[in-house]
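Engineer:
Numbering (our numbering), first residue to last: 25 to 163.
(1) Expressed to the nearest angstrom, what Euclidean distance is found between the alpha-carbon atoms of residue 125 and residue 72?
(2) Among 44, 38, 131, which residue has its Cα nearest to the Cα of residue 29?
(3) Hey, quick one: how far does the beta strand (DSSP E) through residue 86 stretch, first residue to last?
(4) Is it buried or exposed, residue 39, if we count other Cβ atoms within 10 angstroms and call 16 or more buried?
(5) Can you list, in chain order, the residues of its chain with a C-beta nearer than 7 Å to that of residue 80? Leave out the 5 residues immediately preceding and following it.
(6) Return the chain-ordered list of same chain residues with a C-beta closer than 6 Å to the C-beta of residue 52, the five sequence neighbours on each side being excluded.
(7) Whole angstroms are fine: how far does the CA of residue 132 sit from the CA of residue 123?
This is the structure in structure tokens:
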């Protein structure tokens, strides 16, 4: 993925801009129940970040997730995250938690509706055009 390719500048005399972000990721299914994800993210103004995630679902409707965000800069802490997802027919409810050194614990909840019936969640979860979602984030 590539975000903000023109490197848009914000209005004002401060020279601030919205950074261009480049992402490259891979995933691998070790089995029907275990998915691993690897991603490199590069903000053009910062050092790259390496992200690794695991998703395990012991039964078809239940997902456990965990991840690590390991920045390559020595002045940034490693961030850990965990989550759980429940899929009932075309609805999916996700809860996620992570810790960031500057603001502490963060929780997130999202509710998704799939336009495709009986879809295999692993194949469609990154295609947001097929899954409009509502997300509430609290700090």
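Just so you know, even glycine gets a beta-carbon here, dropped at the ideal spot from N, CA and C.
Structural biologist: Based on what the coordinates show:
(1) Along the chain shown, one-based indexing puts residue 125 at 101. Along the chain shown, one-based indexing puts residue 72 at 48. If you take the alpha carbons of residue 125 and residue 72, they lie about 18 Å apart.
(2) Here residue 29 refers to the residue found at position 5 of the chain shown. Cα-wise, what sits closest to residue 29 is 44.
(3) The residue labelled residue 86 in the question sits at position 62 within the chain shown. First-last of the beta strand (DSSP E) with residue 86: 86–95.
(4) By 1-based counting over the chain shown, the position of residue 39 is 15. When all chains shown are included, residue 39 counts as exposed.
(5) As a working note, residue 80 is residue 56 in the chain shown. The answer, listed in chain order, is 57, 58, 88.
(6) Residue 52 sits at position 28 when you count from the first residue of the chain shown. For residue 52, where only same-chain residues beyond five positions count, the Cβ hits under 6 Å are 60.
(7) By one-based count along the chain shown, residue 123 stands at place 99. By one-based count along the chain shown, residue 132 stands at place 108. Whole-angstrom Cα-Cα distance: 12 Å.
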